[in-house]
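*Asks:* Note that the numbering used here has the sequence shown beginning at 264, numbered continuously upward.
Built from N, CA and C at the ideal position, the CB exists for glycine as well.
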Amino acid sequence: MRQIHERHPEIVIAGSAGVSPHADTYGPSYAQADRLGVPLMDEHYYQSPEWLVMNARRYGDHPYRAKAFIGEYASLDDTWFNALAEAAFMTGLERTPAVAMACYAPLFNNVKYTNWKPDLIQFDGDASYGTPSYWAQWLFMRNQGEELLSTSDDVAHRETDAWPMRGAASIRVQVAYMTIDDLTIRTLDADDPTVLTNIDHAELRPDGERLLPLDTGDGDGFHLEFNFTVPRLPANPGPGDTDIVIRFAGTSDKDYAAVTINGVWGRMLTLSTVEHGKESPYVMDHMKCLPGERHHAVLEADHGHVTFRLDGREAFSQRLTPYNPDDLYYSVVRDADGTIVVKLVNVTDIPVDVRLDFDHPVKTTAEAERMDGFALDARNDFGNPTRVVPASQRLTVDGAEAGDATVNGFDYPLPPHAIHVLRLGM
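Right, dumping it as structure tokens:
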């Protein structure tokens with residue numbers, strides 16, 4: 264590392280922050296980068312739109328010298344709500360010097376070979392169109408600015424509640440085989456725990472029973488412990504075939520938390536949440552349970568904090584964050600010509616009255632580019648490629664009196680589910 268830098272100072276070396284964007288790998292990876300003098304750390308994550316919103320201030324408190332290079336990110340779908348969530352996330356990226364670069368990915372998708380939904384531009388042999396996420400990226404890129412301006416606000420940054428632990432629970436297999444012995448679920452009462460479930464023996468198999476329902480009680484936590492063996496794995500597994508999924512805190516088939524053993528083609532132990540059918544991986548650990556070996560698993564959930572141990576080793580201890588967005592997300596930059604650019608994002612279904620005050624007068628006429636008024640599940644397609652696109656307008660700011668050329672502040676009504684970009688001359 265040092266030798267490369269001494270011989271080729273023009274080369275910038277980027278490290279890898281790991282496969283999981285959470286503290287178990289994130290913190291140690293950046294700490295090691297600081298020790299080695301690595302200036303950039305590459306991060307990749309594909310998450311639910313709710314996760315991106317709740318992590319808009321992720322880099323606001325970044326105690327490391329190494330900066331983040333977000334080499335790939337997107338939310339898992341291509342609706343208007345996905346674009347809205349990504350815009351809220353991008354305001355956080357703009358507002359901190361801890362992020363050096365960020366890249367939405369993937370860029371192109373041939374619709375004849377679609378594997379998943381977060382793609383920026385869709386095309387076939389005759390035409391192409393941008394998804395709503397494309398237009399959100401377009402708005403931010405053309406209004407990137409040259410200088411980040413310092414700001415203050417009275418936006419209530421909501422404290423995140425603990426993920427509720429009560430709800431449906433189960434162990435499920437897809438194509439894998441699993442033998443379970445001595446399974447016990449109890450409450451977390453230290454003095455006198457209550458046993459909620461006790462199962463001496465169970466077998467899960469693709470040609471028989473694939474689901475084992477569990478009772479985790481109606482409290483704020485539980486302790487699950489069991490022994491298990493994977494008799495054999497599928498010969499040619501496809502996506503999800505090797506998964507052994509421990510679901511808990513389930514309020515529906517589209518809303519739950521899960522620990523997955525032998526996930527990602529049998530290579531990973533993962534912790535994830537699913538909100539509205541969209542998965543957000545919290546932890547991905549390279550731990551594989553081989554056929555024929557006996558294992559001991561312990562899952563403890565306590566007021567939204569989940570700890571998992573496999574064969575005595577703690578694989579992770581992670582707090583889960585439910586969706587509880589702020590009223591407003593924003594960033595303010597200045598262009599090279601002095602124009603002030605204000606980006607405002609409202610992900611809620613309630614309009615927000617925004618008051619903007621400036622240290623110096625701004626012109627009373629402004630250029631506005633806006634995206635709002637769309638159904639949250641609206642998409643662009645070949646039949647209507649401009650269903651969700653920005654609109655432009657010139658406006659006179661609220662409160663300006665006849666003859667006023669400049670004002671020091673004004674009120675701005677921001678509709679529900681909106682991305683607005685204001686360009687204000689000095």
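#1: Could you give the uninterrupted runs of the alpha helix (DSSP H) lying entirely in the stretch 453-502, keeping only those of 4 residues or more?
#2: Helix or strand or just coil, what does DSSP make of F637?
#3: What's the call for P253, buried or exposed, on a 16-neighbour Cβ count within 10 Å?
#4: By how many angstroms is the C-alpha of Y289 removed from the C-alpha of F262?
#5: In whole angstroms, what separates the C-alpha of Y308 from that of R572?
#6: When the Cα of D644 is compared with those of V374, F344 and A465, which residue comes out closest?
#7: Under the DSSP definition of a beta bridge, which residues are partnered with N263?
#8: Can you tell me the Cα-Cα spacing of S338 and I267, whole angstroms?
#9: Taking only three categories from DSSP, how would you classify T669?
#10: Take the Cβ of H683 as the centre, count every other Cβ of all protein chains shown within 10 Å, and call the residue buried at 16 or more, exposed below.
#11: Please confirm whether G567 and L583 have their CB atoms less than 8 Å apart.
#12: What does a CB cutoff of less than 8 Å around M264 pick up in its chain, not counting 5 residues either side in sequence?
#13: If you measure between the beta carbons of A351 and L315, is that distance less than 8 Å?
#14: What are the start and end residues of the beta strand (DSSP E) that includes T523?
#15: How is F645 classed by DSSP in three states: helix, strand or coil?
#16: Distance check for K551 and P500, CA to CA, integer angstroms please.
#17: Can you give me the Cβ contacts of P360 inside the same chain, cut-off strictly under 8 Å, excluding the 5 residues immediately before and after it?
#18: Can you check DSSP and say which residues form a bridge with Q656?
#19: Candidates P648, Y545 and T627: which alpha carbon is nearest N671's?
#20: Assuming N525 contacts D506 under a Cβ cut-off of 8 Å, what Cβ separation, rounded to an integer in Å, is found between them?
#21: What's the C-alpha gap between N490 and I448?
#22: Quick check on this structure: which residue in P544, L459, T479 and T533 has the alpha carbon closest to the alpha carbon of T514?
#23: Could you check whether D382 and F371 sit closer than 8 Å to each other, using their CB atoms as the reference points?
#24: Here's a check: name, in chain order, each residue in its chain whose Cβ is nearer than 6 Å to the Cβ of T492, leaving out the five neighbours to either side.
#25: With DSSP as the reference, identify every bridge partner of G278, one or two as the case may be.
#26: Can you tell which of E542, V527 and S396 has the C-alpha that lies nearest to the C-alpha of D518?
#27: Run the CB neighbour count on N707, radius 10 Å, all protein chains shown included, and call it buried at 16 or more, exposed below.
#28: For the pair the stretch 460-476 and the stretch 428-440, tell me if three or more CB-CB distances fall below 8 Å.
#29: Report the residue from L487, V604, P585 and V617 whose alpha carbon sits nearest the alpha carbon of A560.
*Replies:* Reading it off the structure:
#1: none
#2: coil
#3: Past the boundaries of the shown model lies residue 253; the chain is included only from 264 to 689, so the question cannot be answered.
#4: There is simply no residue 262 to check, as the chain begins at 264 and stops at 689 in what is shown.
#5: 24 Å
#6: V374
#7: In the structure as shown, the chain begins at 264 and stops at 689. Residue 263 is therefore absent and cannot be evaluated.
#8: 36 Å
#9: strand
#10: buried
#11: yes
#12: I276, L299, G300 and V301
#13: yes
#14: D518 to N525
#15: coil
#16: 14 Å
#17: K330 and L411
#18: A631
#19: T627
#20: 6 Å
#21: 13 Å
#22: T479
#23: yes
#24: T442 and R557
#25: M304
#26: E542
#27: Residue 707 lies beyond the stretch modelled for the chain, which goes from 264 to 689, so this question has no answer here.
#28: yes
#29: L487
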